[in-house]
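Residue numbers (our numbering), protein chains in the order written: chain E, 1 to 212; chain X, 213 to 471. Think of the CB as a built atom: it goes at the ideal place given N, C-alpha and C, for glycine as much as any other residue. To start, the structure itself, in C-alpha cells.
Next up, the structure:
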C-alpha cells in the first residue's frame, strides 16, 4: 500500500467532519473521491499530505505513520486554487520549489511546463496569468518531480478541454510509471473515466461507489 | 542571489537611501549647531547619534524600515501556497529555519549598506572627519573602549535592535492573513507598547522603554549600564518574542497547516 487511512476521525470546532474513514491506496492506483461542499474531501487530502492530523485513527504514507511534525515526502500536492508568488514568473516560482529537493533540473521543469502548454520563457509575473494558466502552473508544480503519490483537489478547475485532455494524459503516464493518485473532483464523468475506484463521502464516511 | 532576493532589491535600495538621507540630515543639523568644544564631532558620531538618540527622527523610522523589509521578504511567500508546497517538500523546520536565515542575512546586509551610504552622505556634507575620541562617539560607554571597538559595539547594538523589530514582524506574520497587517500591526505594537508600559510599569522608569534603551549609548547619564541594558532588552526581548512565536506556530501546526 502506498497510503492508508485507518479508521480516521476528525472534528472541527466540535463538528465531526470525518466519522470513521478507512481508505487504502495501492501502488499505481488512481482513487477518486466525490462529495458535497464541506463533506471532508479536502481534509482527507490534507491528512495524507501531513498538513493535518486525525483526532483518532492512523494515517500511513509510503509505509510510514504520519506523526505530528512529519511529512511523507515524495508527494505532489494541489489543493484549492493555487496561489504562487505573484511578482515572480511561473518559471521562477517553480525553480524556487525545485531547489528544495534538488531532484530535477531546469530542463525537466521546462518540459513539464510545455506539457501543460505553458511557455517557460514567459517573462510576465504570475499576477498577469489567467485562471487557467495559474491552474496549469499548479499542476506543473505537482507533477514536475515525478512524485510517487499525487494528491489533487479539483485539478481540472478553470481548464479548457484541451488542457483537461492533457492533464488526463499526464496523469495516466505518471500511473504507468508507478505513481498513485487521489483525486477530489465535482466532475463525476472525469472521476469515473480516470479512477480505478471511486468513493462518495457522506456524513463523514467513505462509501465505494460503482463506476458508471 | 535567488529570484526572491532579486525582486526585493529595489525596496531594499530605496529604504537604504532613505536611511542615508535621514542620517545625513542629522549630520547637517548637528554640524550647524556645533558651537565649538574640545572635539568637533565626526561623521561616525553623527551617524550613531542619528540612530540611537530618541530625539532623532531616524531612530523612530528605522523600526518601520525593518518591518517593511521583513514583511516584503516573508509575507508574499507566507500568504501563498509556496509555503505549504515548500513545507511538504523540505519539512517545517527547514522552512522556518530558511526564513529566519533569510531575515538575518537581509537585515545584516541592510545595516551594512545603509550605514556605508550614510557615512558617504555625511562625508559629502561634513567632510571626511572621523571622531576618534570614544567618549564623543558614545558617552554612555564612558570612553572605556578604543574607537574601533566602540563603533563595532554600536553596530552590534544596531543589529540586535533590528533583529528585535524583525522578530516582532515575524510574530505578527503568524497571526495575520494579509500583507498590510504585517506592516501596520508590528509598527503599532512597537509604538504603542512603550506608552502602555509607562503607565503600567511606571516603577521601572522611562529609561527602560524601547526608544530610551539605546539612547543611553549616545547620551550621557541616561543609563549607568547601557551595554547591560541593551543586551538585556534586545536579546531578552527577541527571545521572548521568538518563544511566543514558537508557541503560536506549534498550536497552528497541530490545528493544521492551511493557507
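Expected contact under 8 Å - CB spacing of residue i and residue j to nearest Å
i: residue 264(X); j: residue 445(X); result: Actually they are not in contact, since the Cβ atoms of residue 264(X) and residue 445(X) sit about 12 Å apart, beyond 8 Å.
i: residue 33(E); j: residue 184(E); result: 5 Å
i: residue 401(X); j: residue 330(X); result: Contact flag wrong, Cβ pair sits at about 27 Å.
i: residue 43(E); j: residue 78(E); result: Their Cβ separation, rounded to whole angstroms, is 15 Å, which puts residue 43(E) and residue 78(E) out of contact at 8 Å.
i: residue 355(X); j: residue 341(X); result: Not a contact, Cβ separation roughly 19 Å.
i: residue 457(X); j: residue 379(X); result: 7 Å
i: residue 117(E); j: residue 139(E); result: About 11 Å; that fails the 8 Å criterion.
i: residue 374(X); j: residue 278(X); result: 5 Å
i: residue 381(X); j: residue 282(X); result: 4 Å
i: residue 386(X); j: residue 85(E); result: The pair is not a contact, with the Cβ atoms about 19 Å apart (cut-off 8 Å).
i: residue 68(E); j: residue 59(E); result: Their Cβ separation, rounded to whole angstroms, is 11 Å, which puts residue 68(E) and residue 59(E) out of contact at 8 Å.
i: residue 143(E); j: residue 76(E); result: 6 Å
i: residue 337(X); j: residue 240(X); result: 5 Å
Residues of its chain near residue i, where Cβ-Cβ distance is below 8 Å and the 5 sequence neighbours each way are ignored
i: residue 447(X); result: 372
i: residue 384(X); result: 393, 394, 397, 398 and 401
i: residue 159(E); result: 132, 135, 136 and 167
i: residue 464(X); result: 386
i: residue 120(E); result: 90, 91, 109, 110, 113 and 114
Endpoints, the alpha helix (DSSP H) within which residue i is located
i: residue 348(X); result: 346-349
i: residue 462(X); result: 449-467
i: residue 95(E); result: 90-101
i: residue 428(X); result: 427-430
i: residue 189(E); result: 188-194
i: residue 300(X); result: 294-302
i: residue 280(X); result: 269-290
i: residue 138(E); result: 131-143
Limits of the unbroken beta strand (DSSP E) element including residue i
i: residue 236(E); result: The displayed coordinates of chain E run from 1 to 212. Any statement about residue 236(E) would go beyond what the structure contains.
i: residue 33(E); result: 30-34
i: residue 151(E); result: 149-153
i: residue 199(E); result: 197-202
i: residue 9(E); result: 3-12
i: residue 183(E); result: 180-184
i: residue 24(E); result: 15-25
Chain-order list of residues whose beta-carbon lies under 7 Å from that of residue i (same chain, five-residue window excluded)
i: residue 253(X); result: 242, 246, 343 and 348
i: residue 35(E); result: 41, 200, 201 and 202
i: residue 101(E); result: 145
i: residue 454(X); result: 379
Residue j beta carbon less than 9 Å from that of residue i
i: residue 223(E); j: residue 91(E); result: This structure cannot speak to residue 223(E), because chain E is shown only from 1 to 212.
i: residue 270(X); j: residue 228(X); result: no
i: residue 152(E); j: residue 45(E); result: yes
i: residue 430(X); j: residue 350(X); result: yes
i: residue 89(E); j: residue 114(E); result: no
i: residue 5(E); j: residue 149(E); result: no
i: residue 438(X); j: residue 352(X); result: yes
i: residue 83(E); j: residue 219(X); result: no
i: residue 259(X); j: residue 327(X); result: yes
i: residue 206(E); j: residue 171(E); result: no
i: residue 178(E); j: residue 80(E); result: no
i: residue 297(X); j: residue 141(E); result: yes
i: residue 449(X); j: residue 367(X); result: no
i: residue 315(X); j: residue 276(X); result: no
Neighbour flag for residue i against chain E, beta carbons, 9 Å
i: residue 382(X); result: no
i: residue 219(X); result: yes
i: residue 466(X); result: yes
i: residue 441(X); result: no
i: residue 283(X); result: no
i: residue 291(X); result: yes
i: residue 299(X); result: yes
i: residue 272(X); result: no
i: residue 390(X); result: no
i: residue 306(X); result: yes
i: residue 276(X); result: no
Residue-chain proximity (residue i, chain X), Cβ-Cβ < 9 Å
i: residue 129(E); result: no
i: residue 11(E); result: no
i: residue 192(E); result: no
i: residue 144(E); result: no
i: residue 52(E); result: yes
i: residue 87(E); result: yes
i: residue 158(E); result: no
i: residue 30(E); result: no
i: residue 136(E); result: no
i: residue 120(E); result: no
Sequence-distant residues of its chain with Cβ nearer than 6 Å to residue i (five each side left out)
i: residue 11(E); result: 55
i: residue 451(X); result: none
i: residue 182(E); result: 31 and 151
i: residue 71(E); result: 50
i: residue 333(X); result: 232 and 236
i: residue 64(E); result: none
i: residue 361(X); result: none
i: residue 164(E); result: 156
Below-9 Å beta-carbon distance, residue i vs any chain C residue
i: residue 181(E); result: As a matter of chain content, chain C is missing from the structure shown, whose protein chains are E and X.
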